[in-house]
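K.L.:
One structure is given below, represented as C-alpha cells, and several questions about it will come after.
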C-alpha cells in the first residue's frame, strides 16, 4: 500500500476525515502508558495516518475522573484553535474499533530541530533558557535547557491556560514549514493547579504583546454562552471550565508567565 496522502493540518477536510473516515488499526505504540493505536483513516477518496486512543484503554488516575482523558485531548485542541496558534494537531472524539476515543492527525516529527539540551555550567548559552539542573550520573549534574523559541513560548502560554500536568520533551513535535505541535493532552483542565512542564524558561517574565492579545480574545471566547465555552462544557466539567476562565484572567492580571507554585512537582517525570 502506498503512503497515505498528506492532509494539511487544521483544515475542515482533515477534521471531517478524522471524524467520519474508516479507521484501520496498523499497530500499537508500546511506549505509551495508555492504549495508543497507530491507524490509517480514509473517507471520500482521502486517506491519512492518525492516532486513536480508545477510552477503554485509559488507565485510571487518582486525580482525574475515569474515562475522561480523550475528551481532554479534544478540549486542548479546541482551545489551541481558539488561540489561532494551531499548536495541537486536529483532534476529534469519535467511535472506533475499540469504542469511543480520541482520534488525532499523525504528525511526522522533523529531525534536526534541537529544542532541548544538557549543557555544562550554571548559565544557558545564547538562544537557550534554563529549566533545572539534572543528575547525569557519576555525581555530575548538567543544566537542562530549552530553546528560546517563540513557538515554545506560545506553547508555554497554552499549557498555562489548559493546566497541562505533563509537558514532556517527547510531546514536542517540530514539523515541516517551521511548525511545532504539542501532543498528549490527556491530563489537562484540572480545576486544581497542576501545571508540570519543561517550559519554565520564561517563568516570571512579561507576556509578549501577542500573548496578551490572544489571551484577551480567548477570554471573550470563554465567556458563558460563547462558542468555546459551550464546546468545553461538552468535554470537561463546569468547575474545570470555570477554572480555565480563571487561569486566563489570572494571566492577564499578572501580565507574566506563571512560576512554579511549590505545591506540585514542577517538572514531569521522566522529563523526556
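Residue numbers (this note's numbering): 12 to 283. Glycine is no exception: its CB is placed at the ideal position from the N, C-alpha and C atoms. What you are looking at is a predicted structure, and each value in this text was computed from that prediction instead of being measured.
Going by Cα to Cα distance, which pick from 80, 161, 41 and 171 is closest to residue 272?
P.N.:
Ranking 80, 161, 41 and 171 by Cα distance to residue 272 puts 171 first.
K.L.:
Counting Cβ pairs closer than 8 angstroms, one from the stretch 153–171 and one from the stretch 92–104, do we hit at least three?
P.N.:
Short answer: they touch.
K.L.:
Can you give me the C-alpha to C-alpha distance between residue 54 and residue 118, rounded to a whole angstrom?
P.N.:
Using only the alpha carbons, I get a separation of about 19 angstroms.
K.L.:
Could you tell me the alpha carbon to alpha carbon distance between residue 205 and residue 175, rounded to whole angstroms?
P.N.:
Going by the C-alpha atoms only, they are around 7 angstroms apart.
K.L.:
Thinking residue 86 and residue 247 are a contact (beta carbons under 8 angstroms), I'd like their distance in whole angstroms, please.
P.N.:
Right, their Cβ atoms sit about 5 angstroms apart.
K.L.:
In terms of alpha-carbon separation, which member of 177, 129, 70 and 37 lies closest to residue 278?
P.N.:
Residue 177 is the option with its Cα nearest to residue 278.
K.L.:
Ordered along the chain, which non-local residues of its own chain (more than five positions away) have a Cβ less than 7 angstroms from that of residue 217?
P.N.:
Counting only Cβ-Cβ distances below 7 angstroms, and skipping sequence neighbours, we find 266 and 267.
K.L.:
Using CA atoms only, rank isn't needed, just tell me which of 48, 182 and 212 is closest to residue 112.
P.N.:
Per the Cα distances, 48.
K.L.:
Taking the continuous beta strand (DSSP E) assigned at residue 103, which residues delimit it?
P.N.:
First-last of the beta strand (DSSP E) with residue 103: 102–105.
K.L.:
If you count every other CB in all the chains shown that lies within 10 Å of the CB of residue 160, and 16 or more means buried, which is it?
P.N.:
Buried, by the Cβ-count rule.
K.L.:
Since residue 65 is in the beta strand (DSSP E), which residue starts that stretch and which ends it?
P.N.:
That run of the beta strand (DSSP E) goes 57–65.
K.L.:
Can you tell me whether residue 196 is helix, strand or coil according to DSSP?
P.N.:
Coil at residue 196, not helix or strand.
K.L.:
Residue 108: buried (16+ other C-beta within 10 angstroms of its C-beta) or exposed?
P.N.:
It counts as exposed.
K.L.:
Please give the ranges of any alpha helix (DSSP H) in the stretch 216–274, keeping only runs that are unbroken, at least 4 residues long and fully inside the region.
P.N.:
List check, alpha helix (DSSP H) in window: 220–232, 238–244 and 249–265.
K.L.:
Beta-carbon within less than 6 angstroms of residue 227's beta-carbon, same chain only, minus the 5 sequence neighbours each way: which residues are those?
P.N.:
Same-chain partners within the cutoff: there are none.
K.L.:
Using alpha carbons as the reference points, say which of 58, 219 and 256 lies closest to residue 235.
P.N.:
Closest by alpha carbon: 256.
K.L.:
For residue 181, which residues in the same chain have their Cβ closer than 7 angstroms to its Cβ, ignoring the five residues on either side in sequence?
P.N.:
Here the set comprises 283.
K.L.:
Tell me where the beta strand (DSSP E) around residue 53 begins and ends.
P.N.:
Here the beta strand (DSSP E) through residue 53 covers 48–54.
K.L.:
Which residue's Cα is closest to the Cα of residue 215: 140, 130 and 70?
P.N.:
That would be 140, whose Cα lies nearest to the Cα of residue 215.
K.L.:
Can residue 101 and residue 152 be called in contact, C-beta distance under 8 angstroms?
P.N.:
Not in contact: residue 101 and residue 152 (Cβ atoms no closer than 8 angstroms).
K.L.:
Cα-Cα, which of 207, 52 and 211 is closest to residue 274?
P.N.:
Considering only alpha carbons, the answer is 207.
K.L.:
Have a look at 192, 162, 200 and 195 and flag the residue whose alpha-carbon is nearest the alpha-carbon of residue 173.
P.N.:
Of the listed residues, the one whose Cα sits closest to residue 173 is 200.
K.L.:
Along the chain, where does the beta strand (DSSP E) that runs through residue 320 open and close?
P.N.:
Any answer about residue 320 is impossible in this case: the structure gives the chain only from 12 up to 283.
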